[in-house]
Every structure is written in structure tokens, then in C-alpha cells.
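So the protein sequences, as listed, match chains A and B.
Residues are numbered in this note's numbering as their position in the first sequence, beginning at 1, plus a constant of 2.
Residues are numbered in this note's numbering as their position in the second sequence, beginning at 1, plus a constant of 602.
Quick reminder that beta carbons are idealized off the backbone N, C-alpha and C, glycines included.
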Amino acid sequence: MERIWLLAKTDFKQRYYESALGMVWALINPMFRLLIYYFVFTVIFESKIPNYALYLFSGLLLWMFFQEATKGSMLILRKKSYLIENIQSNKLDIYVSFILANLFGLLFNFVVYFLLSLVFSISYSWTVLFFPLLLLNLAILVFAVSLLLSTIHIHLKDIDHIWSMVLIVIFWTSPIFYGRAIIFEKLPLLLYVNPMAGIMINVREVLINANQPDYFNFFYDFFYAFVLLAVSLVFFNKNIHKAAEKR
Amino acid sequence: MSRNSKTVLRLENVSKTFTIRDRNADSIRDKVFNVFNPTNKRVIRAVKDVSLEIKRGEFFGVIGRNGCGKSTLLQLMAGVYPPDKGGKAMIDGRFIRLSLGLGFNKDLTARENIYINASILGLTLKKIGRKFDEIIEMSELADFVDTKIKYYSRGMRSKLAFAIAIHAEADILLMDEFFGGVGDEKFRKKSDEIFQRSFLDGRTIVHVSHNLSTIKKYCDRVILLDKGECIALDKPEIVLDIYENLMK
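Structure (C-alpha cells):
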């Protein structure tokens with residue numbers, strides 16, 4: 003546990019302390035996106051969602067975490083080979099710590115989100131306690147996807163490009179800038195296929211609307227993440243020993 | 603060293619075959635093209651049917667000509683590569699592989715690398731904190747603790763790696779051409795002393811080297827590889843003779 007923490011801390015530091023603006027970059031990027039999307043969807047498409055800035059911001063933050071963590075962890079076996087090939091190590095520790103480092107960045111951004119929500123005078127109820135659970139669900143999902151992608155990457159380097167395209171599909175099928183109603187009415191099947199959709203809907207319910215989450219989605223998405231994790235772990239453990247010679 | 607101590611490293615009929623393609627065939631494009639052109643493939647048998655057992659506390663040497671499979675053998679021991687079917691490689695204990703320029707993240711400082719390496723070896727942060735000064739002292743890098751490894755010279759890196767391996771309580775040191783060129787006279791003397799002491803500590807060392815005098819001086823047993831095969835495995839005096847004949 004201590005080891006995971008240490009690795010995560012170092013990863014995080016390395017990512018942000020290098021540049022002149024440091025941590026500020028972790029914030030500028032999502033803020034920049036937020037401004038663009040906000041302009042497009044309020045001025046051009048005239049979205050009717052209440053508290054749209056917060057709606058968009060929370061969605062974008064969750065999305066960017068998913069995107070960056072999965073893309074980055076796919077290359078872990080290569081990037082951290084200096085550790086993996088020289089010291090007897092538990093490879094899963096390295097994955098968990100990488101995701102944890104990304105999670106620090108997400109939490110940092112959510113601090114800004116909460117400050118912003120005070121400006122919008124959002125009131126929270128006890129249901130906000132679901133928020134950490136939803137983040138946990140997301141982190142497990144990211145862990146599972148990372149292991150899966152890494153394993154495929156051992157045999158097929160093209161997965162890098164393929165995943166970039168899959169990410170576009172997930173981006174457009176997740177309710178980041180459009181409302182949940184569209185999914186519930188037109189594409190309810192999506193909730194079963196893309197767990198990001200259910201997680202995002204529930205995060206907005208507990209953070210913005212002070213409602214309870216949609217319990218079916220809540221449990222289904224946990225179930226989805228755990229099943230995927232179990233499959234990925236088996237797949238990963240079966241193939242990991244081939245990593246060095248295929249590199 | 604007691605003769606009846608525990609086996610910490612065992613290779614049973616271990617072979618390693620590499621299939622080398624001139625182009626990397628792990629992309630879809632190459633897989634498709636290789637359907638029509640499957641011949642640009644070469645099979646290299648780097649290690650052939652090696653069996654050995656290393657006991658706890660033993661100082662084990664590996665010698666042979668360039669390209670005879672020494673480093674591959676070490677990587678098989680470390681589990682970096684899986685052996686071919688039918689072979690078994692077993693290592694029991696915390697090991698660290700020391701080889702020039704490996705083992706560090708070059709973008710991190712010495713301090714960070716020490717913490718990461720030692721932590722992965724299984725030390726608690728508290729314990730690393732206590733050992734930290736010893737590691738720095740031994741590697742003689744007190745003035746560069748917070749300097750990134752990428753600005754270190756080769757010698758400095760090797761000294762640091764060696765100091766970590768010794769103080770972070772690795773049970774098994776897999777050294778790849780490591781000792782021959784490490785550090786100046788002063789540091790070499792220091793590591794000489796440590797090599798003597800490490801017998802008492804019950805640590806196991808596998809030492810790949812061209813430096814025959816070190817092999818002669820320290821090793822309990824030596825394996826001689828040629829073209830991936832084990833030609834001799836015995837006391838250094840005997841094996842070194844065979845090696846010298848082979849080189850003629």
C-alpha cells in the first residue's frame with residue numbers, strides 16, 4: 003500500500019512539477035475545453051440543461067480522466083520496463099499507482115469544481131456521499147480497461163490507434179454535453195454497453211440535482227467494472243510473461 | 603558457506619529461442635503482408651538446455667564469449683523472459699538485476715529512485731529513510747542526491763545501483779558485466795570488502811563477467827557457456843582452464 007502511494011506520488015510530481023506552470027496545467031486544459039464546449043452548446047445549440055456549465059464541467063473531468071488514464075496505462079509495460087525487468091516487482095502495483103496518480107489530478111480539478119458550484123449556489127444533500135463511490139467505480143473500470151489494453155498491446159501495437167478511435171465512440175455515446183433524457187428515451191441500450199454513461203448520469207444526479215443515484219445503473223456499473231476486471235486479470239496474467247520479448 | 607543450504611535459484615532444462623523478424627510483425631499491416639511473405643524470420647537459440655542449481659550464499663559466475671547467451675541466461679533467471687516449453691526457471695527471494703544503465707528512471711532524482719527501487723524490493727518507507735544515508739554514503743553521491751539521474755555519469759549510476767542493491771536487502775544480486783567497470787579504485791576497494799562480507803550475509807550473487815580475475819577471486823562455481831550450451835560447470839580453476847583453451 004505504501005509502495006503504491008509512493009509510486010503514485012512520484013508519477014504525479016513528474017507529470018506536473020516539470021513545467022513552469024506545474025499543476026495549473028492540470029486545470030487549464032479542462033477549463034479551456036469547458037469554455038469551448040460551453041460556447042458551442044449554449045450559443046449555437048442552445049442547451050436547456052440547468053446549471054449547464056457545471057453539468058459540462060463534471061462530465062468533461064470524468065471523461066478526461068478516463069481518456070488519459072487508459073491511454074497512458076496502455077504503455078506502462080514499456081515505460082516502466084526499467085523497474086519491471088530489473089527488480090522483482092508486482093506489476094499490478096504499478097498500474098494501480100498510475101491510476102491513483104491520475105486520480106489525484108481528477109480530485110484536484112474537482113476541488114475547483116466544488117468552488118465553482120458555490121458560485122452557482124448549488125446546495126448539496128447527503129446523496130453527495132455517493133460521489134466517492136462513483137469515482138471508485140470509475141477507477142475500477144479504468145483499471146480493468148488498462149489491463150486489457152496493455153495485454154493486447156503486447157501482441158498488437160496497433161491497439162494504440164484503434165483505442166483512439168474507440169475513445170471517440172465512447173466520447174459521443176456518453177452524456178458529456180447532452181442530457182440524460184436523450185439516452186433514456188432514444189438509446190436505453192447504451193447504458194448496458196457503455197458504463198461511462200451510467201456513471202456520468204449518476205454523478206450529475208448526486209452533485210448537481212441533489213438526488214439519489216439511479217440505483218439500477220449504480221449497481222449495474224459496479225457489476226460491469228468488476229466482471230471486466232476479473233476477465234482482464236486472467237487475460238493479463240496469462241500474457242504478461244511475454245511482455246519483455248515482444249517489446 | 604554451508605554446503606547444505608537452501609536452493610534459491612534453479613533452472614531445469616531451460617532453453618530460449620528468439621524468433622527475430624527483420625521487420626516488427628506486431629502490427630496489423632505486417633501480419634497481413636506476412637501472409638504472402640512469411641519468410642523474413644530468423645530463429646535464434648540463445649540458450650540451449652541449461653540446468654543448474656544455485657544455493658543460498660553462493661557466488662556464482664557466468665562466463666563465455668560475446669553472444670554466447672550469458673545475459674539471456676540472467677534474464678531467464680530474473681523471469682524477464684519465460685523459458686521455452688519444457689524448461690523451468692525458479693527464483694526464490696527478492697532479487698535485483700544490476701546492469702549498466704538499467705534500473706533507474708532517468709527523469710527522477712537519485713533520492714526518488716532510491717525510494718522507488720527500495721520500496722519495490724519490499725522495504726517500508728521508514729526503513730528506507732534509515733538506510734538512505736548509508737546508501738548515499740556508500741555511493742559517494744552526497745552532493746548529487748537531488749540531481750536527476752540523466753545528468754549522472756555511467757560510473758555514478760553504477761555506484762548508486764550497487765549501493766541500493768546492497769543496502770536495500772536484495773537477497774539475490776544478478777550482475778550483468780556490472781562489477782568490472784564500476785567506480786574508481788577507492789570504490790572498487792569498498793565493494794571488494796562488501797563482496798567478502800556478503801558471504802556472511804547469506805546473499806547470493808550471480809555474476810556475469812569477462813573479468814576473469816574477479817571470477818577467480820570470488821566465485822564458488824562458474825558456468826561456461828558457448829553458443830548457448832553449458833560446456834562446463836565447476837570450480838573456477840577448472841572452468842577457467844577450459845575457457846582459455848576454448849579461446850585459443
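- Along the stretch 794–815 of chain B, there is no position whose C-beta sits under 9 Å from a C-beta of chain A.
- Judged by pairs of C-beta atoms under 8 Å, the stretch 36–47 of chain A does not touch the stretch 161–171 of chain A, as fewer than three such pairs exist.
- Residue 725 (chain B) and residue 87 (chain A) have their C-alpha atoms roughly 19 Å apart.
- Between residue 83 (chain A) and residue 152 (chain A), the CB-CB gap reaches or exceeds 8 Å.
- Taking 8 Å as the cut-off, the Cβ atoms of residue 823 (chain B) and residue 835 (chain B) count as close.
- For residue 109 (chain A), there is no enclosing beta strand (DSSP E); the enclosing alpha helix (DSSP H) covers residues 93–121.
- Within chain B, not a single residue places a beta-carbon under 7 Å from that of residue 187 (chain A); the smallest gap is close to 38 Å.
- Residue 698 (chain B) is not a Cβ neighbour of residue 717 (chain B), given a cutoff of 8 Å.
- One Cα belongs to residue 213 (chain A), the other to residue 683 (chain B), and the distance between them is close to 53 Å.
- In this structure residue 177 (chain A) is in contact with residue 199 (chain A), their Cβ atoms being roughly 6 Å apart against a cut-off of 8 Å.
- The three-state secondary structure of residue 51 (chain A), taken from DSSP, is coil.
- Of B:745, B:765 and B:733, the smallest CA-CA separation from residue 790 (chain B) is found for B:765.
- Taking a cut-off of 8 Å for Cβ pairs, the stretch 656–669 of chain B and the stretch 801–812 of chain B touch, as three or more such pairs fall below it.
- Annotated as distal: residue 706 (chain B) and residue 737 (chain B), with beta-carbon spacing of 8 Å or more.
- Residue range 217–241 is occupied by the alpha helix (DSSP H) that includes residue 240 (chain A).
- Taken through DSSP and simplified to helix, strand or coil, residue 647 (chain B) comes out as strand.
- For residue 682 (chain B), the residues of chain A that pass the 7 Å Cβ criterion are 87 and 246, in the order they occur in the chain.
- Bounds of the beta strand (DSSP E) holding residue 692 (chain B) are 690–693.
- Just measuring C-alpha positions, the residue of B:630, B:662, B:617 and B:614 sitting nearest residue 820 (chain B) is B:662.
- Using a CB distance cut-off of 8 Å, residue 84 (chain A) counts as an interface residue toward chain B.
- When DSSP assignments are scanned along the stretch 746–819 of chain B, the uninterrupted stretches of beta strand (DSSP E) that are 3 or more residues long and fall wholly within it turn out to be 774–778 and 806–810.
- Taking 8 Å as the threshold, the shortest C-beta distance from residue 73 (chain A) to chain B does not fall below it.
- The shortest C-alpha to C-alpha distance from residue 99 (chain A) to any of A:90, A:127 and A:145 is the one to A:145.
- Interface with chain A (8 Å Cβ-Cβ cutoff): residue 749 (chain B) is excluded.
- Where residue 186 (chain A) is concerned, there is no enclosing beta strand (DSSP E), although the alpha helix (DSSP H) around it starts and stops at 182–188.
- Under the Cβ criterion of 8 Å, residue 102 (chain A) is not counted among the residues facing chain B.
- The C-alpha of residue 696 (chain B) is placed about 15 Å away from the C-alpha of residue 612 (chain B).
- Contact between residue 78 (chain A) and residue 96 (chain A) holds: CB atoms are separated by about 6 Å, below the 8 Å threshold.
- Straight through space, the alpha carbons of residue 201 (chain A) and residue 685 (chain B) are spaced by roughly 44 Å.
- The CB of residue 620 (chain B) comes closer than 8 Å to the CB of 247 in chain A, given here in chain order.
- In the three-state scheme derived from DSSP, where H, G and I count as helix and E and B as strand, residue 822 (chain B) is classed as coil.
- Straight-line spacing of the CA atoms in residue 780 (chain B) and residue 679 (chain B) works out to 16 Å.
- Distances from the CA of residue 712 (chain B) to each of B:732, B:842 and B:753 were compared; the closest alpha carbon is that of B:753.
- Between the alpha carbons of residue 107 (chain A) and residue 148 (chain A) lies a distance of about 18 Å.
- Closest by C-alpha distance to residue 644 (chain B), out of B:722, B:760, B:773 and B:620, is B:620.
- Comparing alpha carbon positions, the residue from A:25, A:91 and A:70 closest to residue 113 (chain A) is A:25.
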